[in-house]
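Inspection log for the structure reproduced underneath, given as structure tokens.
Residue numbers (my numbering): 1225 to 1437.
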């Protein structure tokens, strides 16, 4: 009985250490992003159906502003068919297919799901964390332990040499998945405040869907 108890305690300890190593990797990558004044990432996004077939592809750029004057995260996602502006208070989401602009609070869950830092911090919200090695990458896997979570699993690929985020793969709870790959990463970028506000006048025919309280 004592041997079984000791074995169980050792296994629990090993799982705790492994989870801590995984969160340490994530925290280092988050710190890397937040420590930079401004970042420009070129990205490729691919959405897969439940059978693994490609449903949709898009590419563009993601700008992240961490300037000293910014109290909340500001970012811009500019894809061919979807454009998102977030100035830390308000988010504008333009969908080309429907020609609509959705306006929400930046703190809303819907708005934050487009932030890489938000996704990397989900280990604090009903996800179990593990770590594995794949070549030069530290791959952190977040497994949902709550059926209400939007994502069943999240794989985060981080370069082991410089702690830079390389790729995020999101497995949806209802099936299907999304892969976001970073093809280029530029640091120490400087942006204007206006870049993080939707230029509504450039979309004169778009329907405005105001979801602000």
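No residue lacks a Cβ here, since even glycine has one placed at the ideal position from N, Cα and C.
What residue range does the beta strand (DSSP E) around residue 1274 cover?
Here residue 1274 corresponds to residue number 50 of the chain shown, with the count starting at 1. Careful: residue 1274 lies outside any beta strand (DSSP E) and carries neither H nor E.
Per the contact definition of three or more C-beta pairs closer than 8 Å, is the segment 1316-1325 in contact with the segment 1267-1287?
no
Got a sec? Which residues, its chain only, sit under 6 Å from residue 1283 by beta carbon, not counting five neighbours each side?
Counting from one through the chain shown, the residue named residue 1283 turns up at place 59. Same-chain partners within the cutoff: 1268.
Does the separation of the CB atoms of residue 1348 and residue 1366 fall below 8 Å?
Along the chain shown, one-based indexing puts residue 1348 at 124. Along the chain shown, one-based indexing puts residue 1366 at 142. It is not a contact, given that the beta carbons lie outside the stated cut-off.
With distances taken between CB atoms, is the gap from residue 1266 to residue 1407 smaller than 8 Å?
Taking the chain shown and counting its residues from 1, one reaches residue 1266 at position 42. Taking the chain shown and counting its residues from 1, one reaches residue 1407 at position 183. In this structure, residue 1407 lies closer than 8 Å to residue 1266 by Cβ.
The beta strand (DSSP E) that contains residue 1367, what's its start and end?
For the purposes of this step, residue 1367 is taken as residue 143 along the chain shown, with counting starting at 1. Residues 1361-1368.
In terms of residue numbering, what span does the alpha helix (DSSP H) encompassing residue 1341 cover?
Counting from one through the chain shown, the residue named residue 1341 turns up at place 117. Element bounds for residue 1341: 1340-1344.
Thinking C-beta only, is residue 1419 closer than 8 Å to residue 1341?
Looking up residue 1341 in the chain shown gives position 117. Looking up residue 1419 in the chain shown gives position 195. Not closer than 8 Å, so no.
Could you work out which residue in 1404, 1373, 1368 is closest to residue 1381 when comparing CA atoms only?
Reading the chain shown from its first residue, position 157 is the one you call residue 1381. Among 1404, 1373, 1368, the Cα nearest to that of residue 1381 belongs to 1404.
Closest to residue 1264 by C-alpha separation, out of 1436, 1410, 1416, would be which residue?
As a first step, residue 1264 must be located in the chain shown, where it is residue number 40. It is 1410 whose Cα lies nearest to the Cα of residue 1264.
With 16 other CB atoms within 10 Å as the buried threshold, where does residue 1286 fall?
Sequence index remark: in the chain shown, residue 1286 carries index 62 (1-based). With 16 or more Cβ atoms within 10 Å of its Cβ, residue 1286 is classed as buried.
Going along the chain, which residues of its own chain have a beta-carbon closer than 6 Å to the beta-carbon of residue 1291, five neighbours each way excluded?
Working through the chain shown from its first residue, we reach residue 1291 at position 67. Contacts found: 1261.
Return the chain-ordered list of same chain residues with a C-beta closer than 8 Å to the C-beta of residue 1430, the five sequence neighbours on each side being excluded.
Mapped onto the chain shown, residue 1430 falls at position 206. Within the same chain, residue 1430 has close Cβ partners 1318, 1323, 1324, 1325, 1424.
Name the two residues that bound the continuous beta strand (DSSP E) containing residue 1313.
Locating residue 1313 in the chain shown gives position 89, counting from the first residue. Per DSSP, residue 1313 belongs to no beta strand (DSSP E) and is neither H nor E.
Separation of residue 1307 from residue 1416, as counted between CA atoms:
Position 192 of the chain shown holds residue 1416. Position 83 of the chain shown holds residue 1307. So the alpha carbons of these two residues sit roughly 17 Å apart.
Can you tell me the Cα-Cα spacing of residue 1259 and residue 1388, whole angstroms?
Residue 1259 sits at position 35 when you count from the first residue of the chain shown. Residue 1388 sits at position 164 when you count from the first residue of the chain shown. Approximately 12 Å, taken between the alpha carbons.
What does a CB cutoff of less than 6 Å around residue 1390 pick up in its chain, not counting 5 residues either side in sequence?
For the purposes of this step, residue 1390 is taken as residue 166 along the chain shown, with counting starting at 1. 1381, 1383, 1406, listed in sequence order.
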